[in-house]
Structure formats: structure tokens, C-alpha cells
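Undergrad: Just passing along the structure, written as C-alpha cells.
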Amino acid sequence: MGRHLKTGLNHKPWVFKLAPYPDELLSSFLIRTAHAHGVSPHRFCRAFIPGVQIWTRDIDVSAAESTLSHIATQTGLSAASLREMTLPPMISGVDAPPRYRSSIGWINAIGIYHRVRTRFGLQYCPHCLATEPAFLRSWRLSFVVACAKHGCYLLDRCMSCQRPIAQHRQGFDITKCYHCGASLSRVVSGPSMLDVGLNHALEVQHIFQNWAARTAVAIGDITATREQFFAGAMLIMQVMKEKMRSHAQLRAGNWCDSESSMQLRFAKRMTRTQLCSDVYQIVAEWPVNFLHFASASGMTQAAFNHHGGVPFWLGSVVAQLPARLRPRHTVSLREVTRQIQSIEAFGGEQCRARRAQALIKAAAARI
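Written as C-alpha cells, this is what we have:
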């Protein structure tokens, strides 16, 4: 059936118009719609959304307005409601520019290589998947690591073959692994709500989700837009990671050296939870905790300006930091001895004065 589907149908409304699940990803909705028409997602989109790369791009992040408008005419849904099924509005806001640079850092990467997925950015709850066969937007957010409804950690791969989730390749049953056919909705025993780590992860996740649900976020006495807040929080995290790599005493218990240089969207669940927890601790008592950490770690204005685009709420406090650290040049005893010997060997009327100046300079450098 799918092999002979005519592309001339692409201007006609879709026969089966499904209703999106709450918080469903646009990609998940397209896959379910394709299956309802009895064809694979690839063939369906090639026929009904011609000329648009859907499965070789991260459509949940980069969907163009023209693509959303085209889908809207076929589904009866508005382009605005379809935009709300993508990921950038969860961080940037609906009225933000189409660029998503400030929000991309909070969205897990799925590692697209042609139609293959190489990273573990699409998480899922097996309990939720068993009752509603759809993938949710919140499962792609870096600060979401657990399901509050079922009290369990989210999974990010097939627990049988350890392959990343590729929902567009999973046949007509998206609850089955595309590679080995194992059930993704099979409940795997794991931590319960009595688990301290799980409870902490849910607490941190809840805080970040509350921030993401607001159009404006209060930081101390300052109010910023959601986009400005998350852009600043990401900057704090980036500079914080740089300082923790060189200041072991500042590291938390779950610090992972192998992931310390990774972007948040590439990191594993435990690392993401710890980094988000650290950012919350810094922002919670703003700006006191930030300035305390900055002093302990030697943060400077230059460290933030290096990343560029400092939001006003963060920039006003960063301005209180030193512009840059003065280079600490130490002089070894051997260098001082050689310099003094050279001065004495040269001799002359200024020998004593030059020797005294050299000793004073060396002493100042070693303080």
C-alpha cells in the first residue's frame, strides 16, 4: 500500500485526523498519523509533506513555519498549536524569535545521522508508553529525568539491546524496539519513591519545570523572561563546570570527570541532575550564593564575556566580579640568584641599587 502511495495526494486533507496527546511531540504525532494511514512515517511524509526533510532532521527542534502551516491545512489543527508541539517554545516562549540558540542547550541531543539516531536524547517512561503510545515533549528536556506520575526514572534506550530510541523506525508499534523488537513498555524494576536519589531528582526537575511553565521568572529582586532566565542559567552552568574542573573542593558527590566537558544535552542522567541541582543552589539565594561561589572559584567577568550574550539579570551581578584574574608570576630562587650574580658581575656605580630593586621585585612576586 505504502509503496504505491501517490504524491498527488499531498494537497488533500489527511483521511485520518488524530488528536494529539497532551504534551506529545510533533514527530510522535506524525508517526501515529502515518500508521493510521497504513504506511511508514518516511513514505507518509514523502507523499504528504514533499520536499521537506523530516526524519533526517530534528523536526521537534527545527520545524519551519511553512512546514507547520502545511501540516495545519491537512490536520485541521492551527499552526500555533503545532508549534506548541515542538521543543523551543518550552524554553524560549511562543513570542521568541524563530532562532532557538538559547533553548537548544536544554534539549537532549538525539544524534541524527541520516535517519539513524546515535545519541540517547529521547527518553521515555515505560508505564506511560504502555497506556498512551506516544512520546512526550518533556522527555526531551535535559532537566527532566524521571516520571513524577509513576515515580520512576525515565529510560533512554532499549533495555534489551541498548540501542537509542528511533521512534520513526519502530514499525507500526512504537512500543517495540526497532532493532531487536523488545518491548519498550515492559516495566523494569528500579528505584522506588523511597529512593533518596530519585526523590532529589524529582525535586530538582519540578523546580525547573515550574520555571519553564512561566513566562517570567523572578531571580532575587529581578524579573526576567523565561528565555532570558534559561539563557543565563546555561551560562552559569558552563562557567561553573569550567571552575569545578580546576577546583576539586567545589565538586559535588556525583561529579563525573569524563562528562565534565560535555554539553548538558549530551550528558547522562545523573550528571544532568547534579548540574541542574548546582545551578538551582546558586540561583536560589540570588545573588548571595552566586557571589560566594564566584569568590571561591575565582570567577571573572572575562569568563562570562568569553561565552557572549550575558542576559541583563546575570550581567548586572557579573559586573561586580573582577574583570580578570591578575596573572600570578612566581620567581624561583634559582632565577633570583642568577639575576643577582649577573648584576654583581656587571658591577658599576648602580650595582647596589639594581641589586636591591631586583630583590624587592622578586619578593613581591613571591608574596
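To convert, count from 1 in the sequence shown and add 6; that's our numbering.
Positions of the beta carbon are idealized from the N, C-alpha and C atoms, including for glycine.
1. What residue from Glu233, Lys247, Gln356 and Gln280 has the CA that sits closest to Pro94's CA?
2. Taking 8 Å as the threshold (C-beta atoms), are Ala152 and Leu190 in contact?
3. Between which two residues does the alpha helix (DSSP H) holding Val289 run?
4. Could you round the C-beta distance between Leu32 and Asp66 to whole angstroms and report it? I think they count as a contact, below 8 Å.
5. Could you tell me whether the segment 120 to 138 touches the segment 159 to 175, using the rule of 3 or more Cβ pairs below 8 Å?
6. Just mark Leu339 as buried or exposed, buried being the case when its beta carbon has 16 or more other beta carbons within 10 Å.
7. So, helix, strand or coil for Ala329, using DSSP?
8. Can you name, in chain order, every residue of its own chain whose Cβ lies under 6 Å from the Cβ of Lys274, other than the five neighbours on each side?
9. Are at least three pairs of beta-carbons, each pair with one atom in the segment 227 to 247 and one in the segment 73 to 84, less than 8 Å apart?
10. Buried or exposed for Tyr119, going by 16 or more other Cβ atoms inside 10 Å?
11. What residues match up with Ala30 in a beta bridge as DSSP calls it?
12. Is it the case that the segment 305 to 315 contacts the segment 240 to 249, given that we only count it when at least three CB pairs across the two stretches are under 8 Å?
13. Taking a contact to mean a Cβ-Cβ separation below 8 Å, would you say Arg271 touches Ala115 in this structure?
14. From which residue to which residue does the beta strand (DSSP E) around Val223 run?
15. What are the boundary residues of the alpha helix (DSSP H) that Ala230 is part of?
16. Work out the CA separation of Ser267 and Ala300 for me, nearest whole Å.
17. Grab me the residues of Arg105's own chain with a C-beta within less than 8 Å of its C-beta, minus the 5 sequence neighbours each way, in chain order.
18. Could you name the residues of the same chain whose beta carbon sits closer than 8 Å to that of Ile288, not counting the 5 residues immediately before and after it, in chain order?
19. Using three-state DSSP, classify Val122 as helix, strand or coil.
20. Report the start-end ranges of each alpha helix (DSSP H) in the segment 164 to 207 that is 4 residues or longer and not cut off at the edges.
21. Within the continuous alpha helix (DSSP H) that includes Ile77, where are the two ends?
22. Quick check on this structure: which residue in Cys282, Ser87 and Ile110 has the alpha carbon closest to the alpha carbon of Phe214?
23. Would you list the one or two residues that DSSP bridges to Ile113?
24. Contact defined as beta carbons within less than 8 Å: I believe Arg143 pairs with Met91. What is the distance between those atoms, to the nearest angstrom?
25. Going by beta-carbon coordinates alone, are Cys131 and Cys158 separated by less than 8 Å?
26. Rounded to a whole number of angstroms, what is the C-alpha to C-alpha distance between Ser322 and Cys51?
27. Rank Pro139, Ala86 and Leu160 by C-alpha distance to the C-alpha of Gly177 and give the top, closest one.
28. For Pro19 and Thr81, I'd like the C-alpha separation in whole angstroms.
29. Based on DSSP bridge pairs, tell me the residues matched to Ala152.
TA: Answer, in terms of the structure:
1. Glu233
2. no
3. Arg275 to Ala290
4. 6 Å
5. yes
6. exposed
7. coil
8. none
9. no
10. exposed
11. The question names Ala, but residue 30 is Glu in the sequence shown. Answer is Leu142.
12. yes
13. yes
14. Ala222 to Ile225
15. From DSSP, Ala230 is part of no alpha helix (DSSP H) but of the beta strand (DSSP E) over Ile228 to Thr231.
16. 19 Å
17. Because the pLDDT at Arg105 is just 44, under 50, the model does not fix this residue reliably, and the value given afterwards should be weighed accordingly. Hits under 8 Å: none found.
18. Ile242, Met246, Asn295, Phe296 and Phe299
19. strand
20. none
21. Glu71 to Thr81
22. Cys282
23. Leu147
24. 7 Å
25. yes
26. 48 Å
27. Pro139
28. 7 Å
29. Tyr159
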